[in-house]
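Below is one structure, written out as structure tokens, with a few remarks after it.
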Amino acid sequence: MLKMIKYLKRSALSILVIVVLLMVQAICDLSLPDYTSNIVNVGIQQGGVENAIPKVIRKTELDKLTLFMSDEEQELVKANYILVDGSEVNEYPLAATEQVYKLNTKDKEVKEQLNNIFGRAILPLSALSKMDELPSGITIPEGTDVTQMIAQMPKEQLVAMQEKINEQFANMPESMITQSATQVVKAEYEAIGLNMEKMQSNYILYSGGLMLLIALISMAATVTVGFLGARVAAGLGRDLRGKVFNKVVSFSNAEIDQFSTASLITRSTNDIQQIQMLMVMLLRVVFYAPILGLGGVIKVLGTNTSMAWIIAVAVMAILTLVLVLFAIAIPKFKMVQKLVDKVNLVMREILTGMLVIRAFSTQKHEEERFDKANKDLMKTTLFVNRSMATMMPIMMLIMNCITVLIVWKGAHSVDAGTMQVGDMMAFIQYTMQIIMSFFMISMVSIMLPRASVSALRIEEVLQTEVTIKNPKATKAFNQAQKGIIEFKNVSFRYPNAEENVLMDINFVAKPGQTTAFIGSTGSGKSTLINLIPRFYDATQGEILVNGVNIKDVSQHDLREKIGYVPQKGVLFSGTIDSNLRYGTQDATQDQIEKAAKIAQASDFIAAKPEGFDSEIAQGGTNVSGGQKQRLSIARAIAKDPEIYIFDDSFSALDYKTDVVLRKALKQETVDSTVLIVAQRISTILHADQIIVLDEGRIVGKGTHEELLKNCEVYEQIALSQLSKEELTHE
């Protein structure tokens, strides 16, 4: 799968933007539980009072608190509080009758120090006011202000009492000290005349507004990432399909034979789709999930370390689930693609061979064959889907069990006063985020094996070495010679075959002449002429066109000189006109009509309501075999090449049409070299040179009359088709 990364270079900027947006989204998602915790802890439980630092405090109360502070702490407090002046009486009504101090700093470090100082001063003052005696053992008379008694204590006794109080609160969590102190601060605010309901609602609305804003930012990042991710994946699919197509187009027949047509179709569609789907998930998860999971762990440890073991239990449960499913499902993933190939292969064979199937009444057999391939795919896919379907319910069960465990353990901590309700809620949310991050990674891991198989199949096509390629330094054709073809000691063997198909082939085909090839089935006629356009390369020997070895010129230049009509007429979806112009887009209408006339296609084209603009269905299924063959011949004639190759291209024509067509073709090709492969003697009777092949060797060469005299194989073929009288008459 890593090999696919090199095809993402065009999308590098989009991927960078996606990474940044995913980091933004993860940070936003990780901050939301904190706000939830603050709304519960501060907004609801503490009435909107954020910490132990009084924003405003009466002078009398501040003096009492300083009794529980060291000299340095007292100096820090005095340096950061100022008296409220008369202009602020409306905001602080009590300031009209009593001295009130207000906080005069925004420095975060100073605030942290003040929070610790006030928290550890407020708690003992609050506790002592409810006690009957001081920590030193002195009884507090009923109705006596305890702070007055403390103020009158000797310095040494006061310091000793402070140290004893600090020891009692030393093991108390900072959050619990702050929470307890806020209740005293809240009472102080009420005494000064502040509207506590408004303060509480303002805090909740402000925090809720920030949560909404963060959620909107996260949503915007999610939507943008989805859009960009889909675009990158679609672009990757487009590029891969283009590269696969271009590679397949460059394949020689040898490479095409290596991959079945059904497999190439599956690779360029289904396999690329698998890679696209994985890419969408990868771009969405591969950066987001680790940030979310790691950030969640850090936040959890910062919230409450005593419950960290619950996270370990959750992660172990998820990993166990994923590993078990992997062990079961991954082998099946590798089978799915092969079974898809099999279904495509069977379907293609049935569709292309439908006439034969009907002719032999084997529909039942083909139905059973397809049903078997289809059921094999269904069973494997069903097994995989069932395995994956169990993952979500089990994952939800794990999440619910973990939630119950957190609530149970958290409730005990809340009851013991070591944890706040909001912190427990945040802990649950962070735990769910950690679990979801592992879940997302596991989902990608599930898709990865199947996409990896697809990537290997795509890479196999792209990395296939093309056996027929252009030379590094191409030669130009000799313009003094046109249409001369020469075979010199040519032998050919198909890839992985044990024996040669052609052996020691030597002949020369000249312009203005017709060279015909005839022989029994499997004698190598079509193979021989397929060597000329370099559909295959000769194993031994050399083939010269216009005096130049065809391996020394570019394939484009070579094939530009050839008008090829295959054994089976091939037409493309479009119109008759577009098919005839396939080899020469700049042909005039007169040239197109002339080519159709020579190929004896004018009559049936004229009979169609739209003439040359008549539609041709895919594969030419809406015209007869003879019409398809004539249009294929007309397409080659319209190109006006130096070399014509007809690979048994007259087999679907009736005798009369065959004779008329060849006569018209003879007049058109007086300056061209014509090569004809034929099964019928009547097609090649008047050829200038007839080459007889038998088991891959040339066993006869000459005219019809010469071969009848000196080639036994040719004579046998001729007599099997025509009587002696007909041969003589011809």
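Per UniProt numbering, the very first residue in the sequence shown carries number 1; after that it's consecutive. Ideal Cβ placement from N, Cα and C applies to all residues, glycine included. In this text the structure is predicted, and so the values were computed from the model without any measurement.
Which partner residues of residue i appear in the DSSP bridge assignment?
| i | result |
| --- | --- |
| F487 | F507 and I543 |
| I518 | V692 |
| T575 | E615 |
| L83 | Y101 |
| N549 | L544 |
| L210 | DSSP, once it has assigned bridges, lists no residue as partnering L210. |
| L502 | F492 |
Let me know if residue i comes out buried or exposed under the rule of 16 or more other beta-carbons within 10 Å of its beta-carbon.
| i | result |
| --- | --- |
| M392 | exposed |
| D415 | exposed |
| D257 | exposed |
| I5 | exposed |
| I497 | Residue identity check: residue 497 is Ala in the sequence provided, not Ile. Label assigned to A497: exposed. |
| L292 | buried |
| Q46 | buried |
| K299 | buried |
| S523 | buried |
| E72 | exposed |
| Q667 | exposed |
| Q337 | buried |
| M354 | exposed |
| Y206 | exposed |
| L580 | buried |
| N530 | buried |
| Q721 | exposed |
| S452 | buried |
| S11 | buried |
| P124 | buried |
| L693 | buried |
What are the boundary residues of the alpha helix (DSSP H) that residue i is part of?
| i | result |
| --- | --- |
| V313 | A308 to T352 |
| I562 | That residue, I562, is in no alpha helix (DSSP H); its beta strand (DSSP E) goes I562 to V565. |
| Y714 | E712 to Q721 |
| L448 | V421 to L462 |
| I398 | M391 to A416 |
| V280 | I272 to V285 |
| S602 | S602 to A606 |
| A587 | Neither: A587 is in no alpha helix (DSSP H) and is coded neither H nor E. |
| G524 | First-last for G524: undefined, no H or E at that position. |
| Q629 | G625 to K639 |
| R67 | In the sequence under discussion, the amino acid at residue 67 is Leu, which differs from the Arg named in the question. Unbroken run through L67: none, as it is neither H nor E. |
| I532 | Counting along the chain, I532 falls outside any alpha helix (DSSP H), and DSSP gives it neither H nor E. |
| A262 | T261 to T266 |
Would residue i and residue j qualify as a contact pair, given that the criterion is a beta-carbon distance under 9 Å?
| i | j | result |
| --- | --- | --- |
| A289 | S387 | no |
| V490 | Q567 | no |
| L65 | I57 | yes |
| G483 | E642 | yes |
| Y7 | D239 | yes |
| Q25 | A221 | yes |
| L278 | V444 | yes |
| L653 | Q629 | yes |
| I543 | K488 | yes |
| S651 | R697 | no |
| V340 | R369 | no |
| I485 | A516 | no |
| M419 | G410 | yes |
| G119 | A181 | yes |
| Y644 | T669 | yes |
| S554 | T474 | yes |
| T514 | L675 | yes |
| A638 | A606 | no |
| I458 | I275 | yes |
Would you mind reading off the limits of the beta strand (DSSP E) that contains residue i?
| i | result |
| --- | --- |
| R58 | V56 to R58 |
| I468 | Run containing I468: none; DSSP gives neither H nor E here. |
| F646 | I643 to D647 |
Counting only beta-carbon atoms, is residue i nearer than 9 Å to chain B?
| i | result |
| --- | --- |
| L83 | In summary, chain B is missing from the structure at hand, where a single protein chain is found. |
Practice task
Counting only runs of 3+ residues fully inside the segment 658 to 706, write out the beta strand (DSSP E) ranges in chain order.
Solution key: 673 to 677, 689 to 694 and 697 to 702
Problem - Entirely enclosed beta strand (DSSP E) segments - the segment 90 to 115, minimum 3 residues - result: 100 to 103
Exercise for the section: Run through the segment 4 to 54 for me and flag every whole alpha helix (DSSP H) of 4 or more residues, listed as ranges in chain order. Expected result: 12 to 38
Handout entry: Runs of beta strand (DSSP E) lying entirely within the segment 171 to 237, each at least 3 residues, in chain order
Key = none
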